[in-house]
Amino acid sequence: MKIVKTAKEVREIIKEWKREGYEIGLVPTMGYLHEGHKSLIDRSVKENDKTVVSIFVNPTQFGPGEDLESYPRDLDRDAALVEEAGADLIFHPEAEEMYAEDFCTFVDMERLTKGLCGKTRPIHFRGVCTVVSKLFHIASPDRAYFGQKDAQQLAVIRRMVRDLNFGIEIVGCPIVREEDGLAKSSRNTYLSKEERQAALILSKAIFLGEQMIRDGETDAEKVKSAMIGTIESEPLAKIDYVELVDWGTLEPVQTVRGSVLGAIAVYIGTTRLIDNFLSVRE
Ligand code: AMP
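If you use the numbering used here, the sequence shown corresponds to residues -5 to 276, in order.
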């Protein structure tokens, strides 16, 4: 397994692979890898001849006052995990490699990026769409793998690929959780012992909402209220949003039918965590 730092090196390697007729899978990450990332890499290794994992803490998707500087990083550990999983290449660029000093071209999506996380993170998805477009152009994969954990991101990337004719298959992968239910996240490392316990309120609310719908509840307001009540029972938790939205448009729904995403963002102390469930029903 190779680690390269420039787009030029990636292109040269990919060109050679394409000449051999290999199919290529791409797994974009910000590093500090865990079992959630590994599930994406495993799937890519299974479905493609070659797998590229990008590790890049992308500055353009962080707003002022967010955790760009403190975001956890450990390339040696990440490289060991990626190699063990059987991937072939890590692309680990510096910010200057991805963004020239006079960089001024962005991919900005309307509608889908305005609600949910887009409300409190107004420039986030512009940064995500821009960096993912760049990675797609650099690695020209056949398939790219994204986690359902970041459900809005997955919906946004799918739409971008369709709208801009990228011709790349986007594969969504299920949320990987800790044994007690907490969705795995690099940001969980920010939590103190007490906060780690309090963070369980997210998955508790998610499982409750999911179960209510499975039991036949169709009134979105009722599901939301129950989820909000659960989260508010935890003194260390502060709600950013609790929403039930249509999985296609990401617009809030009043009645649960078709594919509905239940999504939440909650501060535990100063750490902002997200979780969600997807309910598919007629
Ligand atoms: P990140 O490094 O946080 O940007 O995540 C890179 C990719 O891994 C994204 O597509 C995430 O949705 C996915 N991912 C992160 N955590 C999980 C998880 N717990 N389960 C499944 N996928 C995940």
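We put the beta carbon where it would ideally sit given N, CA and C, even for glycine.
Just so it is clear, the structure is predicted and the values come from calculations on it, not from any experiment.
When rounded, the separation of the alpha-carbon atoms in Asp70 and Ile49 is 12 Å. Shown here for Val21: same chain residues with a beta carbon closer than 6 Å to its own, the five before and five after excluded, namely Leu34, Ile35, Ser38, Val47, Tyr139 in chain order.
By the neighbour-count definition (other C-beta atoms within 10 Å, threshold 16), Tyr261 is an exposed residue. In the structure shown, the three-state DSSP call for Ser273 is strand. Between the C-alpha atoms of Gly252 and Arg208 there is a straight-line separation of about 13 Å. Beta-bridge pairing by DSSP links Val126 to no other residue. DSSP places Gly161 in the coil class of the three-state scheme, outside both helix and strand. In this structure, Lys40 has its CB at a distance of at least 7 Å from all heavy atoms of the ligand AMP. Under DSSP, Lys232 takes part in a beta bridge, and its partners are Tyr261.
Here Glu14 carries a coil assignment [DSSP, helix/strand/coil].
For Phe100, there is no enclosing alpha helix (DSSP H), as DSSP marks it with neither H nor E. Distances from the CB of Leu185 to the heavy atoms of the ligand AMP are all 7 Å or more. Along the length of the segment 23 to 77, whole beta strand (DSSP E) runs at least 3 residues long occupy 44 to 49, reported in chain order. Shown here for Thr45: same chain residues with a beta carbon closer than 7 Å to its own, the five before and five after excluded, namely Gly19, Val21, Ile35, Ser38, Val39, Ala81, Asp82 in chain order. Residue burial annotation: Glu237 is buried, with at least 16 other C-beta atoms found within 10 angstroms of its C-beta. By the C-beta criterion, the segment 145 to 156 is judged to be in contact with the segment 120 to 135, since at least 3 inter-stretch pairs fall below 8 Å.
Under the three-state reduction of DSSP output, Val217 falls in the helix class. At a threshold of 7 Å, Ile169 counts as near the ligand AMP, since its beta carbon sits closer than that to one of the ligand's heavy atoms.
For the set Tyr235, Ser227, Ala220, Thr183, the Cα lying nearest the Cα of Arg67 is the one of Thr183.
Remark: the C-beta of Gly141 is in contact range of the ligand AMP, defined as less than 7 Å to any heavy atom. Burial state of Leu110 is buried, judged by a 10 Å Cβ sphere holding 16 or more other Cβ atoms.
Residues Leu255 of the same chain have their beta carbon placed closer than 6 Å to that of Leu272, with the five preceding and five following residues left out of the count.
Rounded to the nearest angstrom, the Cβ distance from Arg5 to Ile132 is 6 Å, consistent with a contact under 8 Å. Beta-bridge pairing by DSSP links Phe119 to no other residue. Val254 carries a strand assignment under DSSP once its states are collapsed to helix, strand and coil.
Assigned with DSSP and collapsed to three states, Gly203 falls in helix. The DSSP-derived three-state label of Asp96 is coil. If the five residues before and after Leu194 are omitted, its C-beta is found closer than 8 Å to the C-beta atoms of Asp174, Gly175, Leu176, all from its own chain and listed in chain order.
The segment 155 to 169 and the segment 85 to 98 do not touch, with fewer than three beta-carbon pairs separated by less than 8 Å. Within 7 Å of the C-beta of Gly30 there is at least one heavy atom belonging to the ligand AMP. Relative to the non-hydrogen atoms of the ligand AMP, the Cβ of Met24 comes within a distance shorter than 7 Å of at least one.
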